[in-house]
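Notes for the one structure printed next.
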Ligand code: PEP
Ligand code: MN
């Protein structure tokens, strides 16, 4: 931790900081420059740093406080430099040399719609089934999902196809229920900083797909992962799903540089959602190829038997036929990356 002092800081004020650090049992090394004085603080444990930062920055003669190490530990690359592989169900692995494809409808609408989609994506080679039973919605008047009936349909689709299911949980009170039906819990973009929910899924050992908040910086996203891991659940997979920018041609701006960057910063697997990321089915194929080329460990794709009749997100849902094409193209790119589908 480095404390940068104002030009006007007096020796007494410098002493005020060094003695506070020393009282805490830490070392303080002031460096007197021509223009400014900085104090290097050594030995302060990570969990105490935020407190010191706040207190020192409240002093009128402190310009700013810089912390050196990343604030996340369990999510940091150094925790597992070889990278993590997250297991879902008995057979699916996310991370390592594999590319994992999750596919299915945005929303579970009917038994028939979900079952036919599950069969089609399985046939095309997908590894997991996605589908929303609890849907976050901007309007409280629009469809909120089938709830537990939707979970039951997903469980039936898994029973028939063998595909493990990933579905969103929005309410900490529903975590136990969703765990009974789903193989992986999805935390949606709007809930990335719902700390009660993060803690609750952190208390389970269910794999978690943690979507990036549409407003969130990468460090905030990794801190959200840290919340889950701190509870003892290290089965976290990150999901880049696009962020809000000034651009309106696409629904979101799919930040693929975040994928490459997170791969440097963290050991956690990263998958990409080009459906929410672009909002347009015609862009889903090229961005799927790009995501795998950028180093993503997988994709989550919205597929619908009749996108023009979908209850939600039809414009970004691909048909069965286009999903088949996507699988073929992604398989080729994965091979170039030394990975297998
Ligand atoms: C979804 O996957 O359908 C969804 C609502 O995702 P997000 O939370 O990324 O908007
Ligand atoms: Mn959707």
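In my numbering, the protein residues as written are 625 to 965.
C-beta: ideal position from N, C-alpha, C; glycine also.
Remember, predicted model here, so these are calculated numbers, not experimental data.
Buried or exposed, going by whether 16 or more other CB atoms sit within 10 Å of the CB of residue 865?
buried
Can you give me the Cβ contacts of residue 744 inside the same chain, cut-off strictly under 6 Å, excluding the 5 residues immediately before and after it?
944
In chain order, what are the residue ranges of uninterrupted beta strand (DSSP E) at least 3 long that sit wholly in the region 805 to 854?
808 to 811 and 832 to 835
Which residue comes first and which comes last in the beta strand (DSSP E) that contains residue 774?
Taken as a continuous stretch (DSSP letters only), residue 774 belongs to no beta strand (DSSP E), being part of the alpha helix (DSSP H) at 772 to 785.
Which residues in the same chain as residue 830 place their Cβ atom closer than 6 Å to its Cβ, once the five residues preceding and following it in sequence are excluded?
803 and 809
Is residue 795 close to the ligand PEP? I mean its beta-carbon at under 7 Å from any heavy atom of the ligand.
no
Looking at the ligand PEP, does it come within less than 7 Å of residue 771, judged from the CB to the closest heavy atom?
no
Those runs of the alpha helix (DSSP H) which lie wholly inside the region 699 to 762 and span at least 4 residues
735 to 748
With 16 other CB atoms within 10 Å as the buried threshold, where does residue 653 fall?
exposed
CB of residue 630 to nearest heavy atom of the ligand MN: below 7 Å?
no
Which of helix, strand or coil DSSP assigns to residue 656
strand
Looking at the structure shown, is residue 957 part of a helix, part of a strand, or coil, going by DSSP?
helix
Quick check: is any heavy atom of the ligand PEP less than 7 Å from the C-beta of residue 835?
yes
Would you grab the beta carbon distance between residue 729 and residue 926 for me? Rounded to a whole angstrom, and I think it's under 8 Å.
7 Å
Nearest neighbour of residue 874, chosen from 850, 842, 844 and 908 [CA to CA]:
908
In angstroms, rounded to a whole number, what distance separates the CA positions of residue 956 and residue 747?
18 Å
Would you mind listing the alpha helix (DSSP H) stretches within the region 892 to 935 that are 4+ residues and don't spill past its ends, in chain order?
898 to 902 and 905 to 917
Reduced DSSP secondary structure (H/G/I, E/B, other) of residue 949
helix
State the Cα-Cα distance for the pair residue 774 and residue 683, rounded to the nearest angstrom.
54 Å
Name all residues in chain order for which at least one heavy atom of the ligand MN lies closer than 5 Å to the residue's CB.
730 and 937
Answer with buried or exposed for residue 851, where buried requires no fewer than 16 other C-beta atoms within 10 angstroms of its C-beta.
buried
Compute every distance between the C-beta of residue 900 and the non-hydrogen atoms of the ligand PEP, then say whether any falls below 7 Å.
yes
Nearest residue (CA-CA) to residue 660, options 688, 649, 673 and 936:
688
Sufficient close CB pairs (3 or more, under 8 Å) joining the region 714 to 723 to the region 732 to 741:
no
Would you kindly work out how many angstroms separate the C-alpha atoms of residue 893 and residue 887, rounded to a whole number?
8 Å
Residues near residue 787 in its chain [Cβ-Cβ closer than 8 Å; skip 5 each side]
742, 745, 746, 750, 751, 752, 753 and 781
Taking residue 791 as part of the beta strand (DSSP E), name the residues at either end of that continuous run.
789 to 792
Beta-carbon separation of residue 863 and residue 835 under 8 Å?
yes
Same chain, Cβ closer than 7 Å to residue 868, neighbours up to 5 away in sequence not counted
838, 839 and 876
Measuring CB to CB, does residue 934 end up less than 8 Å from residue 883?
no
Please classify residue 692 as buried or exposed, where buried requires at least 16 other C-beta atoms within 10 Å of its C-beta.
exposed
Identify which residue in 755, 766 and 764 has its Cα closest to the Cα of residue 778.
755
Three-way DSSP call (helix, strand, coil) for residue 668 in this model:
coil
As a quick exercise: from 706, 878 and 827, pick the residue whose alpha carbon is nearest that of residue 796.
827
Are the CB atoms of residue 923 and residue 895 nearer to each other than 8 Å?
yes
Quick one: what's residue 964 bridged to in DSSP?
722
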